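Notes for the one structure printed next.
In my numbering, the protein residues as written are 417 to 721.
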């Protein structure tokens, strides 16, 4: 790996604002809804699984960087990522992702041994499988449209939530289950939204994402029902979880995601009018809204628990 720098490693792990903070929130969600007091987050089990979740999701992003090199190299806004991935190299990138998957899974197994809740290890294994299925041929679900978005969302939300929750409790109540389902659906819709600026590069690389298959406006039209369903589940789950304070918990926790869904509608209208979507603009202007929403969910989960 001649010439590889720390900045290159940060790039292939997507450690740019706000993505790394979104990843941290996703790693925390399950434990936040399972503990009965914020101090419970400092117990051995939750600490192990939160670290495991972060490592597993970052491994998936490294794998995605390697798998998407052809597309990223054709993308005007992905030059830094493509150059970093080239310097890392395909073989070294696969080795790095494999090592991180192994480390994350080992931490989840350690949490299972410590707590006696084997759902931690099972869900962590599912996280690995989801990222492999999304990125690796011959399955490569990224190129299969909406099913790929669903599997990616499972790998970054649903399964990490189960991994973290199981470090505290072996069972998931109805309210947290609704929250996790809602967050997963929102993430699936966000995958489609994020693919819109990549449409030309993905098409040139032969990657049939939802945006490539249906066009940008139609893809967002397909994503919107998924996003609305996710917002509904999230709001319902937070209201239920909050008990007497349910309306306030739902408003604080779901409000940011409602704003995000509104931005998707506005983007679809702008695209229909002939404007062009840019991933840098979406990352800097819209993703911080998603981050604020995720931080709010962590906060209300701990406060209402």
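Think of the CB as a built atom: it goes at the ideal place given N, C-alpha and C, for glycine as much as any other residue. Just so you know, these numbers come straight off a predicted model, no measurement behind them.
Q) Between residue 581 and residue 708, what straight-line distance do the alpha-carbon atoms span, to the nearest angstrom? A) For the purposes of this step, residue 581 is identified with residue 165 of the chain shown, where counting begins at 1. For the purposes of this step, residue 708 is identified with residue 292 of the chain shown, where counting begins at 1. Taking the Cα positions, residue 581 is about 22 Å away from residue 708.
Q. If we ignore side chains and look at the alpha-carbon of each, how far apart do residue 689 and residue 616 end up?
A. Translated into the one-based positions of the chain shown, residue 689 becomes position 273. Translated into the one-based positions of the chain shown, residue 616 becomes position 200. When rounded, the distance between both Cα atoms is 18 Å.
Q. Is residue 487 buried or exposed, if buried means 16 or more other CB atoms sit within 10 Å of its CB?
A. Your numbering for residue 487 matches position 71 in the chain shown. With 16 or more other CB atoms across the displayed protein chains lying within 10 angstroms of its CB, residue 487 is buried.
Q. Relative to the C-alpha of residue 612, which residue among 601, 623 and 632 is closest?
A. Position 196 of the chain shown, counted from the first residue, corresponds to residue 612. The residue with the shortest Cα to Cα distance from residue 612 is 632.
Q. Whose C-beta lies closer than 6 Å to the C-beta of residue 679 among residues of the same chain, with five residues either side of it excluded?
A. Residue numbering aside, residue 679 sits at position 263 when the chain shown is read from its first letter. For residue 679, where only same-chain residues beyond five positions count, the Cβ hits under 6 Å are 702.
Q) By Cβ distance below 6 Å, which residues in the same chain neighbour residue 445 in space, the five residues on each side in sequence not counted? A) Residue 445 sits at position 29 when you count from the first residue of the chain shown. These residues qualify, in order along the chain: 577.
Q. Taking C-alpha atoms, which residue in 695, 649, 551 and 673 lies nearest to residue 509?
A. In the chain shown, counting from the first residue as 1, residue 509 sits at position 93. Taking only the C-alpha atoms, the option nearest residue 509 is 551.
Q) Any idea what DSSP makes of residue 580, helix, strand or coil? A) In the chain shown, the residue the question calls residue 580 occupies position 164. Residue 580: helix per DSSP, three-state reduction.
Q | Buried or exposed by the 16-neighbour rule on C-beta atoms within 10 Å, applied to residue 579 | A | By 1-based counting over the chain shown, the position of residue 579 is 163. The residue is buried, with at least 16 neighbouring Cβ atoms inside 10 Å.
Q: Within its chain, find whatever has a CB closer than 7 Å to the CB of residue 467; leave out the 5 residues flanking it on each side and keep chain order.
A: For the purposes of this step, residue 467 is taken as the residue at position 51 of the chain shown. Around residue 467: 523.
Q.
Quick check on residue 690: does DSSP put it in helix, strand or coil?
A. Sequence index remark: in the chain shown, residue 690 carries index 274 (1-based). In the structure shown, residue 690 falls within a coil segment according to DSSP collapsed to helix, strand and coil.
(Q) At 4 residues or longer, what runs of the alpha helix (DSSP H) sit wholly inside the stretch 594-622? (A) Entirely contained in the stretch 594-622, the alpha helix (DSSP H) runs reaching 4 residues are, in chain order, 615-620.
Q.
Let's see if you can read the secondary structure: which residues bound the alpha helix (DSSP H) around residue 755?
A. No answer is possible for residue 755: the residues shown for the chain start at 417 and end at 721.
Q. In chain order, what residues of the same chain lie with their CB nearer than 8 Å to the CB of residue 712, ignoring the 5 residues before and after it?
A. By one-based count along the chain shown, residue 712 stands at place 296. By the criterion of a C-beta distance shorter than 8 Å, residue 712 is surrounded in its chain by 668, 669, 671 and 672, once the five residues flanking it on both sides are discounted.
Q | Three-way DSSP call (helix, strand, coil) for residue 532 in this model | A | Numbered from its first residue, the chain shown carries residue 532 at position 116. Coil.
Q | Cβ separation of residue 571 and residue 540, assumed to be a contact under 8 Å, to the nearest whole Å | A | For the purposes of this step, residue 571 is taken as residue 155 along the chain shown, with counting starting at 1. For the purposes of this step, residue 540 is taken as residue 124 along the chain shown, with counting starting at 1. That pair is no contact at about 11 Å.
Q) Which runs of the alpha helix (DSSP H) spanning at least 4 residues fall entirely within the stretch 655-702, listed in chain order? A) You should have 662-688 and 695-701.
Q: Under 8 Å by Cβ, that's how I've got residue 512 and residue 567 pegged, so tell me the actual separation to the nearest angstrom.
A: By 1-based counting over the chain shown, the position of residue 512 is 96. By 1-based counting over the chain shown, the position of residue 567 is 151. About 22 Å separates the beta carbons of residue 512 and residue 567, which is beyond the 8 Å limit, so they are not a contact pair.
Q: Would you tell me roughly how many angstroms separate the C-alpha atoms of residue 685 and residue 636, rounded to the nearest one?
A: Your numbering for residue 685 matches position 269 in the chain shown. Your numbering for residue 636 matches position 220 in the chain shown. Approximately 10 Å, taken between the alpha carbons.
Q: For residue 420, name the three-state secondary structure that DSSP assigns.
A: Taking the chain shown and counting its residues from 1, the one referred to as residue 420 is at position 4. Coil, per DSSP.
Q) Can you find a heavy atom of the ligand FAD that lies under 6 Å from the Cβ of residue 423? A) With respect to the ligand FAD, the structure offers nothing, as it holds no ligand at all.
Q: Express the C-alpha separation of residue 442 and residue 649 in angstroms, rounding to a whole number.
A: Counted from its first residue, the chain shown places residue 649 at position 233. Counted from its first residue, the chain shown places residue 442 at position 26. Cα-Cα distance, rounded: 17 Å.
Q) Between residue 434 and residue 704, which are expected to be in contact by the criterion C-beta below 8 Å, what is the C-beta distance as a whole number of angstroms? A) What you label residue 434 is simply residue 18 of the chain shown in a count that begins at 1. What you label residue 704 is simply residue 288 of the chain shown in a count that begins at 1. The beta carbons of residue 434 and residue 704 sit about 5 Å from each other, so the pair counts as a contact at 8 Å.
Q. Nearest-angstrom Cα distance between residue 473 and residue 426?
A. Numbered from its first residue, the chain shown carries residue 473 at position 57. Numbered from its first residue, the chain shown carries residue 426 at position 10. Distance between the alpha carbons of residue 473 and residue 426: 14 Å.
Q | Identity of the residue in 693, 620, 496 and 594 nearest residue 574 by Cα | A | As a working note, residue 574 is residue 158 in the chain shown. Of the listed residues, the one whose Cα sits closest to residue 574 is 594.
Q.
Measuring only the C-alpha atoms, how far is residue 600 from residue 645?
A. Here residue 600 is taken as the residue at index 184 of the chain shown, counted from 1. Here residue 645 is taken as the residue at index 229 of the chain shown, counted from 1. Going by the C-alpha atoms only, they are around 10 Å apart.
**Q.** Residues near residue 530 in its chain [Cβ-Cβ closer than 6 Å; skip 5 each side]
**A.** Position 114 of the chain shown, counted from the first residue, corresponds to residue 530. So the qualifying residues of the chain are 460 and 461.
Q | For residue 492, the three-state DSSP class (helix, strand or coil) | A | Position 76 of the chain shown holds residue 492. The answer is coil: DSSP assigns residue 492 none of H, G, I, E or B.
Q) Between residue 585 and the rest of its own chain, which residues show a CB-CB distance below 7 Å, the 5 nearest in sequence each way excluded? A) Taking the first residue of the chain shown as position 1, residue 585 is located at position 169. Same-chain partners within the cutoff: 450.
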